[in-house]
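In full-length UniProt numbering, the protein residues as written are 1 to 767. Reading through the C-alpha cells given below for one structure.
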Amino acid sequence: MGLGRSIAVLTSGGDAQGMNAAVRATVRVGLYTGAKVYFVHEGYQGLVDGGDNIRPATWESVSMMLQLGGTVIGSARCKDFRAREGRMKAACNLVKLGITNLCVIGGDGSLTGANQFRTEWSGLLVDLVKAGKITEEEAKKSSHLNIVGMVGSIDNDFCGTDMTIGTDSALHRIIEVVDAIATTAQSHQRTFILEVMGRHCGYLALVTALACGADWVFIPEMPPDDGWENHLCRRLVAPMARGCRLNVIIVAEGAMSRDGKPITSDQIKKLVTDRLSFDTRTTVLGHVQRGGTPSAFDRILGSRMGVEAVMALLEATPDTPACVVSLSGNHAVRLPLMECVQVTKDVTAAMAEGRFEDAIKLRGKSFENNWNTYTLLAHINPPDVKSNINVAVMNVGAPCAGMNAAVRAAVRMGLIQGHNMLAVHDGFDGLAQGQVEPITWTSVSGWTGKGGSVLGTKRTLPAKILEDISLNIAKFNIHALVIIGGFEAYMGGLELVQAREKYEEMCIPMVVIPATVSNNVPGSDFSIGADTALNTITSTCDRIKQSAAGTKRRVFIVETMGGYCGYLATMAGLAAGADAAYIFEEKIAIKDLEMNVVHLVEKMKTTVKRGLILRNENCNANYTTDFIFNLYSEEGKGIFDCRKNVLGHMQQGGTPTPFDRNFGTKMGAKSVLWITDKLKQCYRHGRIFANTPDSACVLGMRKRALTFQPLADLKGDTDFEHRIPKTQWWLKIRPIMKILAKYDIKLDTSERTDMEHVIKKRSPLGM
1 MGLGRSIAVL TSGGDAQGMN AAVRATVRVG LYTGAKVYFV HEGYQGLVDG GDNIRPATWE
61 SVSMMLQLGG TVIGSARCKD FRAREGRMKA ACNLVKLGIT NLCVIGGDGS LTGANQFRTE
121 WSGLLVDLVK AGKITEEEAK KSSHLNIVGM VGSIDNDFCG TDMTIGTDSA LHRIIEVVDA
181 IATTAQSHQR TFILEVMGRH CGYLALVTAL ACGADWVFIP EMPPDDGWEN HLCRRLVAPM
241 ARGCRLNVII VAEGAMSRDG KPITSDQIKK LVTDRLSFDT RTTVLGHVQR GGTPSAFDRI
301 LGSRMGVEAV MALLEATPDT PACVVSLSGN HAVRLPLMEC VQVTKDVTAA MAEGRFEDAI
361 KLRGKSFENN WNTYTLLAHI NPPDVKSNIN VAVMNVGAPC AGMNAAVRAA VRMGLIQGHN
421 MLAVHDGFDG LAQGQVEPIT WTSVSGWTGK GGSVLGTKRT LPAKILEDIS LNIAKFNIHA
481 LVIIGGFEAY MGGLELVQAR EKYEEMCIPM VVIPATVSNN VPGSDFSIGA DTALNTITST
541 CDRIKQSAAG TKRRVFIVET MGGYCGYLAT MAGLAAGADA AYIFEEKIAI KDLEMNVVHL
601 VEKMKTTVKR GLILRNENCN ANYTTDFIFN LYSEEGKGIF DCRKNVLGHM QQGGTPTPFD
661 RNFGTKMGAK SVLWITDKLK QCYRHGRIFA NTPDSACVLG MRKRALTFQP LADLKGDTDF
721 EHRIPKTQWW LKIRPIMKIL AKYDIKLDTS ERTDMEHVIK KRSPLGM
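Structure follows, in C-alpha cells:
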C-alpha cells in the first residue's frame with residue numbers, strides 16, 4: 001500500500017506518556033506497508049527548521065521505546081509555525097523530501113495548526129514556486145498534503161475521543177500519590193487537598209475523585225453552587241463524626257466559582273482551617289503527572305492508534321477531511337478533525353457563558369456518566385422511606401483487584417435507594433452456611449483502593465448445595481443478588497437460574513458482574529481486574545527486557561495466567577513489545593515454533609539483541625513452558641541463550657489501577673439501579689417473584705455501552721470446557737502485535753473504520 005509514499009511523524013505541544021508507543025507503531029507499520037518514514041524532531045519547530053531535524057526512521061530506531069515516558073523525538077511549542085512565513089519554510093522542507101503524509105501527535109492546538117497547514121498547502125506551494133524555492137515539477141509531485149492526528153494529552157480534553165494518549169498514565173501517577181497520602185492522613189486524622197492538572201478540563205480531577213471516594217471535587221465544568229463554603233464544611237464534619245479519619249478534597253487546576261473567579265487549593269485550605277480548625281495539608285501534583293512509564297492501556301492505545309493512523313493516511317484522497325484517530329469503547333474510530341475541535345471549543349464557550357449542564361454534556365457521555373456516578377455515591381443521603389428490600393452482595397471465584405470497588409458502589413447505591421444491604425462472605429459456601437451480615441455505608445469506606453476481596457471469595461459452585469442456599473435466601477429474606485466474580489460467578493448464576501424450577505427462593509433478580517484477571521466471562525469485552533493484571537505483567541516484562549539489554553543475545557520466555565483465555569498474553573505482548581505470544585485460541589504447531597526461532601536468530605543479527613516470548617499457561621498441553629524453553633535453548637545454541645519466568649499469583653494481587661477502580665465503581669452502581677428497576681417489575685401480590693430469563697443477567701461492556709444480557713442467552717456463546725467465550729474481540733488486534741514484531745503477515749483491514757461524526761458518537765465508559 002505504501003510503496004512510493006513518504007510519511008513524517010511529529011509530536012507537538014505538551015508531552016504525554018504513550019506518545020512513544022504511537023511513534024513506534026506509526027514508524028513500523030509505515031515501513032511494513034513499504035512507505036518511507038521520517039522522524040520530525042522537536043515538533044513543528046523541527047518542521048520549520050528542517051535540516052537534521054527531519055531524519056529517516058528505521059525499524060531499530062524505535063526499539064526499547066515503549067516503556068519510556070514523554071516523547072523520544074522531542075516536542076516544542078513553536079511560535080514560528082504560527083506565522084505564514086514559518087509554514088512556508090515547513091512546506092518547502094517537506095516538498096524537498098517528497099513527504100506528503102503527516103502524522104501529528106499532540107493536543108487540540110497542535111492538531112488545529114496541522115489542519116490550517118493542510119488547508120493552505122496549495123497556496124504555500126504557489127508562493128514557493130514564485131519565490132524560486134521549489135520547481136513546478138516538485139510542486140506537482142507534492143500537490144496535496146494528507147494529515148492524520150492522534151490526540152496525545154494527559155488532560156483528556158479533546159471531544160470525540162474517549163481517552164487521549166497519556167490520560168490513563170497520568171491517573172496512575174495521581175492514584176499512587178492519593179494512596180500514599182491516605183496512609184499518612186489516617187495516622188493523623190487530617191484533611192488533604194490535592195490539586196491535579198488538566199488545564200480547563202476536569203476529567204483527571206473527576207476520575208480521581210471517583211476512584212478514591214473523595215469528599216468533594218472542584219471541576220471547571222460544574223462549579224459549586226453559591227454558598228458552597230457552608231456545604232463543604234458540613235460535608236467534611238459528617239465523616240469525622242462517623243469515625244472516618246481522613247478527608248480528601250480534589251481540585252482541578254482550572255476550578256472556578258459560578259462567577260468565574262478561580263478557586264485555589266490555598267483558598268480552600270484557609271476556609272477549612274479557619275472554620276473547622278481541622279489539621280489541613282495541600283499537595284499540588286504538578287509535572288509528576290506527565291512523567292513516568294506509560295501504563296499498559298496507553299501503550300496499547302498508542303500502538304492501535306498508530307496502526308489506524310497509517311491506514312487512514314494511505315487511504316486518504318484529496319477530498320477526505322483531515323481526521324483524528326481515536327478510541328470509542330474498544331473500537332478504533334476516525335473522526336473529522338475540525339468537528340472535534342469545534343465541539344472542544346463549544347465546551348469552553350459553554351463554561352464561559354455559565355451553561356454548565358451543557359458543558360458536561362458536550363464533554364461526552366463518558367464524562368457525564370462519571371459526574372452522575374460521583375454525585376450519587378459521594379455523599380450519604382439515604383431516603384427517609386425504606387424499601388424493605390434486602391439485597392445481598394457476594395464475591396465468587398479467584399480474587400482480583402477492583403472487586404472491592406464494585407462491592408462498595410453496589411452497597412452505597414443500594415442504601416441510597418433505601419434497601420437493606422447484606423454482605424455474603426466466602427462466596428456460595430458462605431451463602432449455604434449462613435455467613436450473611438448487614439453491611440453499612442461506613443463499613444465500605446476506603447474500599448476502592450484495596451486489592452483482593454475483603455468479603456472473601458471461594459470457587460465452590462452452588463449445584464451441590466442448592467438446598468442450603470435456598471434455606472438461607474428464605475432465612476435472611478434476600479430479595480435480590482449481586483454476584484461479583486469470574487467464570488465461576490457466571491456458571492453459578494446459570495446454576496441458580498436452572499434451580500428456579502425446583503426452588504421458588506431462587507426466583508429473585510440476579511446480576512453477575514465480571515471480575516477476573518483472565519477476562520474470560522461471556523457477555524463482556526472487559527472484566528474488572530484484567531487491567532491491573534495487565535499492568536503487573538507489563539512492568540515485569542519491562543524489567544526483564546532491561547536485564548536482557550545489558551547481557552545481549554538473550555531470549556526470555558514468560559508464562560502468564562488467564563486459564564485458556566489468551567487476553568493477558570496478547571495484550572501484554574502488545575504493551576511490552578513481545579516477539580510472540582502463544583495462546584490457546586490460536587493453535588500453534590511445530591512449524592510456528594520453528595518460524596519464531598528463525599525470526600529470533602535473524603533479530604540477533606541486528607542491533608536489537610534480545611527477545612521476549614509470552615506463553616499463556618494453558619495454550620498447549622504438550623508445548624509447555626519448559627518444552628518451549630528447551631527447544632529455544634537447543635536451537636539458539638551459540639546464537640542466544642534463554643531464560644524462563646513463570647509469573648504466577650503476583651498477577652492477581654496489587655492495588656487496583658485507576659481503570660479497575662472506576663470500572664468497578666460504575667458496574668457496581670449500575671447493577672443495583674437495574675435491580676431496583678427489576679424488583680418493581682417482579683413485585684406481585686405482596687411478594688417478589690422473578691422467573692423470566694431477563695431477571696438474571698450479566699452486566700458487561702459491549703463495544704460502546706454497558707449492557708445487561710440474560711445469562712440464558714449467553715450459553716450459546718460459551719465454550720464451557722475451556723471456560724471462554726466463543727467470540728472474543730481482542731483476537732482482531734493480534735496481527736498488530738506480529739507486525740510490530742516484524743513478521744510479514746497480512747493485516748486484516750476488513751474491520752475498516754469509516755469516518756464517523758462526533759455528534760452521534762457518545763461512549764459510556766471512557767474508562
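Just so you know, even glycine gets a beta-carbon here, dropped at the ideal spot from N, CA and C. Note that the structure is predicted; figures quoted are calculated from it, not measured.
Do you know offhand how far Ile473's Cα is from Glu495's?
As a position in the sequence shown, residue 473 is number 473, starting the count at 1. As a position in the sequence shown, residue 495 is number 495, starting the count at 1. So the two alpha carbons sit approximately 15 Å from each other.
Check each candidate in Trp371, Gly123, Gly486 and Asp626 and name the one with the smallest Cα separation from Gly563.
Along the sequence shown, one-based indexing puts residue 563 at 563. That would be Gly486, whose Cα lies nearest to the Cα of Gly563.
Beta strand (DSSP E) containing Asp641: first to last residue?
Here residue 641 refers to the residue found at position 641 of the sequence shown. Segment Asp641 to Val646, the beta strand (DSSP E) holding Asp641.
Using 6 Å as the cut-off, classify the Cβ of Gln417 as near or not near the heavy atoms of the ligand FAD, replying yes or no.
Within the structure as shown, the ligand FAD is missing, as the structure has no ligands at all.
If we require 3 or more residues per run, which beta strand (DSSP E) segments fall completely within the segment 346-412?
With a minimum length of 3 residues, the continuous beta strand (DSSP E) runs that stay inside the segment 346-412 are 390-396.
What number of angstroms, rounded off, separates the C-alpha of Thr167 from the C-alpha of His649?
Within the sequence shown, residue 167 is the residue found at index 167, counting from 1. Within the sequence shown, residue 649 is the residue found at index 649, counting from 1. Straight-line Cα distance between these residues: approximately 28 Å.
Given this structure, state the Cα-to-Cα distance separating Asp215 from Thr191, to the nearest angstrom.
Counted from its first residue, the sequence shown places residue 215 at position 215. Counted from its first residue, the sequence shown places residue 191 at position 191. Each residue's Cα considered, the two are about 10 Å apart.
For Gln17, which residues in the same chain have their Cβ closer than 6 Å to its Cβ, ignoring the five residues on either side in sequence?
Here the question's residue 17 lines up with position 17 in the sequence shown. Only Gly69, Gly166, Ser169, Pro294 and Asp298 meet the Cβ criterion.
Start-to-end residues for the beta strand (DSSP E) that takes in Asn691
Mapped onto the sequence shown, residue 691 falls at position 691. No beta strand (DSSP E) contains Asn691, which DSSP labels as neither H nor E.
Evaluate contact between the segment 84-94 and the segment 46-61, counting only Cβ atoms and requiring at least three cross-stretch pairs below 8 Å.
yes
Would you give the residue range spanned by the beta strand (DSSP E) that His513 belongs to?
Against the sequence shown, residue 513 aligns to sequence position 513. Note on identity: in this sequence residue 513 is Ile, with His being the wrong assignment. Per DSSP, Ile513 belongs to the beta strand (DSSP E) from Met510 to Pro514.
Check the DSSP bridge columns for Asn146 and list the partner residues they point to.
By 1-based counting over the sequence shown, the position of residue 146 is 146. Answer is Asn101.
For Val40, collect the residues of the same chain with a Cβ closer than 8 Å to its Cβ; drop the 5 residues on either side in sequence, then sort them by chain order.
Along the sequence shown, one-based indexing puts residue 40 at 40. Ala8, Val9, Leu10, Gly46, Leu47, Asn53, Ile54 and Ile73.
Using a 10 Å radius around the Cβ and a threshold of 16 neighbouring Cβ atoms, would you call Ala352 buried or exposed?
Taking the first residue of the sequence shown as position 1, residue 352 is located at position 352. Ala352 comes out exposed.
Assuming Ala25 and Gly302 are in contact, meaning their beta carbons sit under 8 Å apart, how far apart are those beta carbons, in whole angstroms?
Counting from one through the sequence shown, the residue named residue 25 turns up at place 25. Counting from one through the sequence shown, the residue named residue 302 turns up at place 302. Their Cβ separation, rounded to whole angstroms, is 7 Å, which keeps Ala25 and Gly302 in contact under 8 Å.
So, is Phe689 buried or exposed, given that buried needs 16 or more other C-beta atoms within 10 angstroms?
Here residue 689 is taken as the residue at index 689 of the sequence shown, counted from 1. That one is exposed.
Cα separation between Ala409 and Val608?
Counting from one through the sequence shown, the residue named residue 409 turns up at place 409. Counting from one through the sequence shown, the residue named residue 608 turns up at place 608. Across the structure, Ala409 and Val608 are spaced so that their CA atoms are roughly 47 Å apart.
Can you tell me the Cα-Cα spacing of Arg355 and Gly260, whole angstroms?
Start at 1 with the first residue of the sequence shown, and residue 355 comes out as number 355. Start at 1 with the first residue of the sequence shown, and residue 260 comes out as number 260. Cα-Cα distance, rounded: 12 Å.
For Gly2, three-class secondary structure by DSSP
Within the sequence shown, the letter at position 2 stands for residue 2. It is coil, neither helix nor strand.
Check the DSSP bridge columns for Ile249 and list the partner residues they point to.
Position 249 of the sequence shown, counted from the first residue, corresponds to residue 249. Paired residue(s): Ile193 and Trp216.
In the structure shown, what three-state DSSP assignment does Asn662 receive?
Taking the sequence shown and counting its residues from 1, one reaches residue 662 at position 662. Note: Asn662 maps to helix in three-state DSSP.
For Met338, tell me which candidate among Thr570, Lys591, Phe117 and Thr727 has the shortest Cα-Cα distance.
Mapped onto the sequence shown, residue 338 falls at position 338. Cα-wise, what sits closest to Met338 is Phe117.
Do you know how far the Cα of Leu246 is from the Cα of Asp279?
What you label residue 279 is simply residue 279 of the sequence shown in a count that begins at 1. What you label residue 246 is simply residue 246 of the sequence shown in a count that begins at 1. Taking the straight line from one Cα to the other gives about 10 Å.
Exposed or buried, which one is Gly716 when buried takes at least 16 other CB atoms within 10 Å?
Translated into the one-based positions of the sequence shown, residue 716 becomes position 716. Classification for Gly716: exposed.
Please look up how many angstroms separate the CB atoms of Thr655 and Gly451, rounded, as I've assumed it's under 8 Å.
Translated into positions along the sequence shown, residue 655 becomes position 655. Translated into positions along the sequence shown, residue 451 becomes position 451. About 5 Å separates the two Cβ atoms, so the contact holds.
What would DSSP say about Pro321, mapped onto helix, strand or coil?
Taking the first residue of the sequence shown as 1, we reach residue 321 at position 321. In the structure shown, Pro321 sits in coil (DSSP, three-state: anything other than H, G, I, E or B).
Classify Glu437 as helix, strand or coil using the three-state DSSP reduction.
The residue labelled residue 437 in the question sits at position 437 within the sequence shown. Three-state DSSP puts Glu437 in a strand.
Exposed or buried, which one is Phe627 when buried takes at least 16 other CB atoms within 10 Å?
Numbered from 1 along the sequence shown, position 627 holds the residue referred to as residue 627. Counting Cβ neighbours within 10 Å, Phe627 comes out exposed, since fewer than 16 surround it.
Mind checking Ala83: buried by the 16 CB within 10 Å criterion, or exposed?
The residue given as residue 83 occupies position 83 in the sequence shown. Ala83 comes out exposed.
Minimum C-alpha distance to Lys79 - residue among Leu97, Ala580, Ser110 and Lys96:
For the purposes of this step, residue 79 is taken as residue 79 along the sequence shown, with counting starting at 1. Closest by alpha carbon: Ser110.
For Ile537, name the three-state secondary structure that DSSP assigns.
Within the sequence shown, residue 537 is the residue found at index 537, counting from 1. DSSP places Ile537 in helix when its eight states are reduced to three.
Within 7 Å, strictly: CB atoms of Pro399 and Thr457
For this step, residue 399 is matched to residue 399 along the sequence shown. For this step, residue 457 is matched to residue 457 along the sequence shown. In this structure, Thr457 lies closer than 7 Å to Pro399 by Cβ.
Would you check if the distance between the CB atom of Tyr582 and the CB atom of Ile588 is smaller than 7 Å?
Position 582 of the sequence shown, counted from the start, is the residue given in the question as residue 582. Position 588 of the sequence shown, counted from the start, is the residue given in the question as residue 588. Yes, the Cβ-Cβ distance between Tyr582 and Ile588 is below 7 Å.
Just mark Met737 as buried or exposed, buried being the case when its beta carbon has 16 or more other beta carbons within 10 Å.
In the sequence shown, residue 737 corresponds to position 737, counting from 1. Looking at its Cβ environment, which holds 16 or more other Cβ atoms inside 10 Å, Met737 is buried.
Please confirm if the segment 505-519 is in contact with the segment 540-555, defined as three or more CB-CB distances below 8 Å between the two stretches.
no
Tell me the residue span of the alpha helix (DSSP H) that contains Ala575.
Numbered from its first residue, the sequence shown carries residue 575 at position 575. From DSSP, the alpha helix (DSSP H) with Ala575 extends over Tyr567 to Ala576.
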